[in-house]
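Asks: Residue numbers for the sequence shown follow the numbering used here, so the first one is 723 and each next one is one higher. Glycine included, C-beta positions come from ideal geometry on N, C-alpha and C.
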Amino acid sequence: MFNNKTILITGGTGSFGRKYTETLLKRYSPKRLIIFSRDELKQYEMQQEFNAPCMRYFIGDVRDSQRMVQAMNGVDYVIHAAAIKQVPAAEYNPMECIKTNIHGAENVIHAAITNGVKKVIALSTDKAANPINLYGATKLASDKLFIAANNVVGTGVTRFAAVRYGNVVGSRGSVVPFFKKLVNEEADSLPITHPDMTRFWITLQQGVDFVLKNFERMQGGEIFVPKLPSVRITDLARAYGPDKKQHIIGIRPGEKLHEIMCPADDSHHTLEFDDHFVITPSIKFFGRENDFCCNALNEIGAPVKQGFEYNSGSNPRFLSLDDILAMEANA
């Protein structure tokens, strides 16, 4: 569906955007692939690797509504990946997080509707479910904006959905590169926030593939959640530093012990499919009634039990030490 189409990725120089670009260029022949981001150095570095004739690099910020409208001229599909993502950074710089994650989402929606973009998928996070930190709260607000946009568009063609998943193996700023750095520096021990902490675990390629598939699945209004394994933070430390001691440093500001992707409070809106869940809209869309139990690929889902919660701590599938290393090797 991406052949001879124009695709725009906000925050396109990030880990996700680079992998998404690599995958699109390998599998499809897009007409144009636009990387929209605010860091000229990262764009310059990315151009050295991805310089296909279809590539376009736009300097801009999702906070700038006029620039977003200009950048989406003639665009068919949008992946909204731009965000302030670091939990402590958001706690200490709350208004900057709000401006990018909430006001930026509003600008993306406005630009997409103005230009008649066909489909938009926004990247969410497990931290948006029952949020306790500002980053999660802003992403929950962003999710609500994108879902409601399917009503705001009225008779227009644009459809919006969101994808929510867990921690990405080896992404910039994540714990795995940090552990590796400490091991390479021959640190005496590895810092552990809490011995019971768990997280959902996904590779960058799995995240990209899930988003690609959901462009085909979506009808507009869904929050897509993949079924993922969980990992214990202590097992991560053992996998990458098997001979290292561990010392407890305490949970950081705004951090959870376990992450949730499908809250129990949303169980009456949650459908289970073979390899993913869908959280359906809590609002009715004007002029259309989607049966989200059957998606655009004719995959069939069923309602989960009342009170169901998809929680990294109670997840039935946990990665072993060998699984952790194998997952990264195959990322």
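1) If you draw a straight line from the C-alpha of T732 to the C-alpha of Y779, how long is it?
2) Would DSSP call E813 helix, strand or coil?
3) Are K841 and V905 touching if we call contact CB-CB under 8 Å?
4) With the cut-off set at 8 Å, would you say I729 and D786 are in Cβ contact?
5) Our contact map puts K866 next to K849 with C-beta atoms below 8 Å; I'd like the distance itself, whole angstroms only.
6) M983 by DSSP, collapsed to three states: which one?
7) With distances taken between CB atoms, is the gap from Y887 to L950 smaller than 8 Å?
8) CA-CA distance, E828 and N837?
9) Leaving aside the five residues before and after N823 along the sequence, list all residues of the same chain whose C-beta is less than 7 Å from its C-beta, in chain order.
10) Taking DSSP as the reference, what is the three-state secondary structure of C776?
11) Would you say L993 lies against chain D (beta-carbon separation less than 8 Å)?
12) Smallest Cα separation from N815: which of P752, L856, R939?
13) Which residues bound the alpha helix (DSSP H) around K861?
14) Does the stretch 1014-1030 come close enough to the stretch 1039-1051 to have 3 or more Cβ pairs within less than 8 Å?
15) Could you tell me how far apart the beta carbons of A851 and I955 are, in whole angstroms, since I believe they sit closer than 8 Å?
16) Output the residue ranges of the alpha helix (DSSP H) runs that lie fully inside the stretch 944-984 and measure 4 residues or longer, sorted by chain position.
17) Mind checking who T728 pairs with in its DSSP beta bridge?
18) Could you round the C-beta distance between K748 and Q927 to whole angstroms and report it? I think they count as a contact, below 8 Å.
19) Does DSSP put E908 in a helix, in a strand, or in coil?
20) Between which residues of its own chain and V800 is the CB-CB distance below 8 Å, once the five residues before and five after are set aside?
21) When you compare each of E1011, Q968, L763, R974 to E813 by their alpha carbons, which one comes out closest?
22) When you compare each of R939, K727, G739 to F995 by their alpha carbons, which one comes out closest?
Replies: In brief:
1) 11 Å
2) helix
3) no
4) no
5) The pair is not a contact, with the Cβ atoms about 15 Å apart (cut-off 8 Å).
6) strand
7) yes
8) 14 Å
9) A805, I806, T860, K861, S864
10) coil
11) Absent here is chain D; the protein component of the structure consists of one chain.
12) L856
13) 856-874
14) no
15) Contact doesn't hold; Cβ gap of about 19 Å is too wide.
16) 955-962
17) R754
18) No, K748 and Q927 are not in contact; Cβ-Cβ is about 11 Å, not under 8 Å.
19) coil
20) I729, L730, I731, T732, M794, V830, A834, V839, K841, V842, I843
21) R974
22) R939
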